[in-house]
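Using full-length UniProt numbering, you'd call the opening residue of the sequence shown number 1 and step up by one each time.
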Amino acid sequence: MTAVALRSGSGTLTSSRRPPRPPRPPKAAKPARTGNPNGRIRVLSIAVMVVLVLFTGRLIYVQAYLGPALAAEAQSLRIRTITIPAVRGQITDLDGNILATSVDRYNIFADQPLIAAWKHSVDGTIKGGPTEAARLLAPILELSAPELAAALNGEKNQHKTITMDVSQETWDAIRALKISGIFAESQPERSYPAGTTGGNIVGFTGQDGNGQSGLEYSLNDILSGSAGSTTYEGGRSGHVIPTGEQSSTEAVPGDDVTLTMIRDLQWMAKAALEEQITKMGGTGGFLVVTNIKTGAIYALADAGSIDPNNPTGFGGSQAISTIFDPGSTAKIVTMSALIETGLATPTDQFVVPDRYTTVNNQTFKDSHDHADANWTLTGILAESSNTGTVMVGQKLPQQVRHDYLTKFGFGSKTGVELAGEEKGLLAEADKWDGSTKYAVLFGQGFSVTALQATNVFATIANGGVRMTPHLVAGTTDAAGIFTPSVQPEGVRVVSESTADQVLKMTESAVLDGTGAGAEIAGYRVAGKTGTAQIPGPSGQLDGILSSFIGVAPADDPRIAVGVFIENPTASIYGGVVAAPVFSEVTAFALQKLGVVPSGTTPDLFPTTW
Numbered sequence: 001m002t003a004v005a006l007r008s009g010s011g012t013l014t015s016s017r018r019p020p021r022p023p024r025p026p027k028a029a030k031p032a033r034t035g036n037p038n039g040r041i042r043v044l045s046i047a048v049m050v051v052l053v054l055f056t057g058r059l060i061y062v063q064a065y066l067g068p069a070l071a072a073e074a075q076s077l078r079i080r081t082i083t084i085p086a087v088r089g090q091i092t093d094l095d096g097n098i099l100a101t102s103v104d105r106y107n108i109f110a111d112q113p114l115i116a117a118w119k120h121s122v123d124g125t126i127k128g129g130p131t132e133a134a135r136l137l138a139p140i141l142e143l144s145a146p147e148l149a150a151a152l153n154g155e156k157n158q159h160k161t162i163t164m165d166v167s168q169e170t171w172d173a174i175r176a177l178k179i180s181g182i183f184a185e186s187q188p189e190r191s192y193p194a195g196t197t198g199g200n201i202v203g204f205t206g207q208d209g210n211g212q213s214g215l216e217y218s219l220n221d222i223l224s225g226s227a228g229s230t231t232y233e234g235g236r237s238g239h240v241i242p243t244g245e246q247s248s249t250e251a252v253p254g255d256d257v258t259l260t261m262i263r264d265l266q267w268m269a270k271a272a273l274e275e276q277i278t279k280m281g282g283t284g285g286f287l288v289v290t291n292i293k294t295g296a297i298y299a300l301a302d303a304g305s306i307d308p309n310n311p312t313g314f315g316g317s318q319a320i321s322t323i324f325d326p327g328s329t330a331k332i333v334t335m336s337a338l339i340e341t342g343l344a345t346p347t348d349q350f351v352v353p354d355r356y357t358t359v360n361n362q363t364f365k366d367s368h369d370h371a372d373a374n375w376t377l378t379g380i381l382a383e384s385s386n387t388g389t390v391m392v393g394q395k396l397p398q399q400v401r402h403d404y405l406t407k408f409g410f411g412s413k414t415g416v417e418l419a420g421e422e423k424g425l426l427a428e429a430d431k432w433d434g435s436t437k438y439a440v441l442f443g444q445g446f447s448v449t450a451l452q453a454t455n456v457f458a459t460i461a462n463g464g465v466r467m468t469p470h471l472v473a474g475t476t477d478a479a480g481i482f483t484p485s486v487q488p489e490g491v492r493v494v495s496e497s498t499a500d501q502v503l504k505m506t507e508s509a510v511l512d513g514t515g516a517g518a519e520i521a522g523y524r525v526a527g528k529t530g531t532a533q534i535p536g537p538s539g540q541l542d543g544i545l546s547s548f549i550g551v552a553p554a555d556d557p558r559i560a561v562g563v564f565i566e567n568p569t570a571s572i573y574g575g576v577v578a579a580p581v582f583s584e585v586t587a588f589a590l591q592k593l594g595v596v597p598s599g600t601t602p603d604l605f606p607t608t609w
């Protein structure tokens, strides 16, 4: 039923029916839902926690696992180590004269920041800084003051190089100025006060301080000692971190070495040798002086030996490195073997021609033509007859000849402390050809050194006992304790009786034979001349080595002396070329050693019959 409104009063009735409602406006669209804000916070928190866990894990890993390694690496970058060189031991002669020593040289540096802040008073006026430091230093260092001031000026360099290799005196003068920021680092340098005297024996060192030749090389471990070091933690600029790690190891000085060599005798021997080489027109030579009873070497001289202060050319001793056929000086080995085996005596008589042909048609001749001579075995040696030596020496079996050569030391190194020693050339007896098996009887067909050849005569003079030649008397350590060198026991080669007979035979070689030039007033002398072929510049056997080896005094032998001169032109005979040098050097040595003149007269074997 529809209500109708009727109007009243005015006659209008109101009906009970309601009018239609106007349309509602459209609803606004609701915003899109973005999710739960608490969830977003939870996600972010988890993400942050994950990141923190990762960082924490990484931190723990670095600290717990990598930390020690990284710390060690960082510390290693801060560690500085300075090597402290050991003082190299001295080398002295038997009398204590210095042959090699180490002197301190200095490299001068500047700490620029310290110099910039340095000041001192001059007549009441305060001066300082690089300019004033340069004014004081320039005259001492012989440098330009303005240039030196420029080098000293700066704010960063704490180790500026100023000059290198100055003497102790120069550094003392610099230090006396008391300039803050000037310091020095020492650099030991080897010095050889005797120069060429013994230079071939002492040798020299290289830039690294190690020996390069001579005893400096062969005794390097004894002389060099052990280097020390200082280790500390330093900052980037090089300063020491006071609380950092610090440690040091002391350097151990090398031992001092005392030689058996006598400087004055070495000097005199070299001078006499070189003078005679010039006089004889020779090309070189060497000389040996040894103690017969001990094997100690008093002199080992080479013509033209080096100055170790300025080494050039050959740096060793030719007396141990040059090999040559010994020639007639080796005839005493044959004589010793004949007497020792009972095949001959010093007085046995022979008719000796100037030419002799063996059963295998090998012909040998003497140095000069002569009629058949009535010589004893002593006469054969005194006259240095090749033919007589072969005639008698061929009685020795071939292997026995070889055995005696080796017993006397040929074919083996002597054992002297010097590097570069040659052992010579001596083939086995069964390798000798038809000529060599006879030539070895008079000193051809094998090669020796001057030291080996001289030691044969020392062996005869020592009653048939061979001693080891040596140059080192002993060493002295940092505590001042001297330790004598220990040498091998002597080796008996022939009986004392045989040695005495051969020694008497060689005295005849001086008084009645080819060695008259070796005589010394007041002293009895025994010895033997030698002339041998050696390789010349062409490499062929066209060179000559003239020699004389002898002992004195013959009645109480003390020293053996060998003189060897290469390629003389004035004469080739050892009695003319080498014997006079023997006489001069041996006389000086006997006086130097305080050996009294001979008090006996010789009782010689006959040389003829």
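Glycine included, each C-beta is placed from N, C-alpha and C at the ideal position.
Euclidean distance between Cα positions of residue i and residue j
i: L287; j: Q452; result: 12 Å
i: V585; j: K413; result: 26 Å
i: Y106; j: G562; result: 45 Å
i: I201; j: A499; result: 31 Å
i: T506; j: G490; result: 22 Å
i: D264; j: T83; result: 39 Å
i: L228; j: Q266; result: Checking the sequence, you will find Gly at residue 228 rather than Leu. Going by the C-alpha atoms only, they are around 37 Å apart.
i: V440; j: D221; result: 40 Å
i: I46; j: P68; result: 32 Å
i: E250; j: T101; result: 21 Å
i: G195; j: V472; result: 19 Å
i: A478; j: V289; result: 31 Å
i: L114; j: G181; result: 5 Å
i: M1; j: N38; result: Low local confidence applies: a pLDDT of 39 at M1 is under 50, so the model's placement there is unreliable, with the coordinate-based value given in what follows. Going by the C-alpha atoms only, they are around 57 Å apart.
i: T531; j: D255; result: 43 Å
i: A373; j: D95; result: 50 Å
i: L152; j: Q158; result: 10 Å
i: I572; j: I140; result: 59 Å
i: A427; j: F446; result: 7 Å
i: T607; j: S508; result: 8 Å
i: H402; j: G515; result: 27 Å
Residue i, buried or exposed, once every other Cβ within 10 Å from all chains shown has been counted against 16
i: K270; result: buried
i: F457; result: buried
i: W375; result: buried
i: W609; result: exposed
i: Q591; result: exposed
i: F482; result: exposed
i: N361; result: exposed
i: L177; result: exposed
i: V122; result: exposed
i: L223; result: buried
i: K156; result: exposed
i: M467; result: buried
Nearest candidate by alpha-carbon position, reference residue i, set the options
i: Q276; options: V576, Q591, T586 and T607; result: V576
i: A330; options: F548, D95 and Y192; result: F548
i: G316; options: P535, P346, G474 and F204; result: F204
i: Y523; options: V289, L152 and S598; result: S598
i: I91; options: T475, G515 and R492; result: T475
i: A461; options: V448, V493 and S435; result: V493
i: V502; options: E340, Y573 and M391; result: E340
i: E519; options: L343, V581 and F564; result: V581
i: G513; options: G129, T436, L381 and I98; result: L381
Beta-carbon separation (whole angstroms), residue i vs residue j, contact threshold 8 Å
i: A184; j: I108; result: 5 Å
i: A299; j: I262; result: 7 Å
i: T283; j: E566; result: 5 Å
i: I559; j: A579; result: About 16 Å separates the two Cβ atoms, so there is no contact after all.
i: L230; j: S248; result: For the sequence presented, residue 230 should be read as Thr rather than Leu. Contact flag correct, Cβ pair sits at about 4 Å.
i: D104; j: P193; result: Their Cβ separation, rounded to whole angstroms, is 16 Å, which puts D104 and P193 out of contact at 8 Å.
i: A86; j: V252; result: 6 Å
i: G536; j: V510; result: Actually they are not in contact, since the Cβ atoms of G536 and V510 sit about 30 Å apart, beyond 8 Å.
i: G199; j: I306; result: 5 Å
Same chain, Cβ closer than 7 Å to residue i, five either side skipped, listed in chain order
i: V333; result: Y404, L405, F408 and V456
i: G281; result: P568, T569 and A570
i: K423; result: G411, S412 and K413
i: H470; result: T260, G295, A296, I297, V416, E417, S485 and Q487
Cβ-based neighbour list, residue i, same chain, cut-off 8 Å, excluding 5 preceding and 5 following
i: R355; result: T363, F364, K365, D366 and T387
Residues near residue i by beta carbon distance below 6 Å, same chain, minus five either side
i: G420; result: G316 and S321
i: N309; result: Y192
i: P346; result: L377, T378, Q501, M505 and F605
i: G327; result: G443, G530, T531 and A532
Proximity test, Cβ basis, 8 Å: residue i and chain B
i: R88; result: In the structure shown, chain B cannot be found, because there is only a single protein chain.
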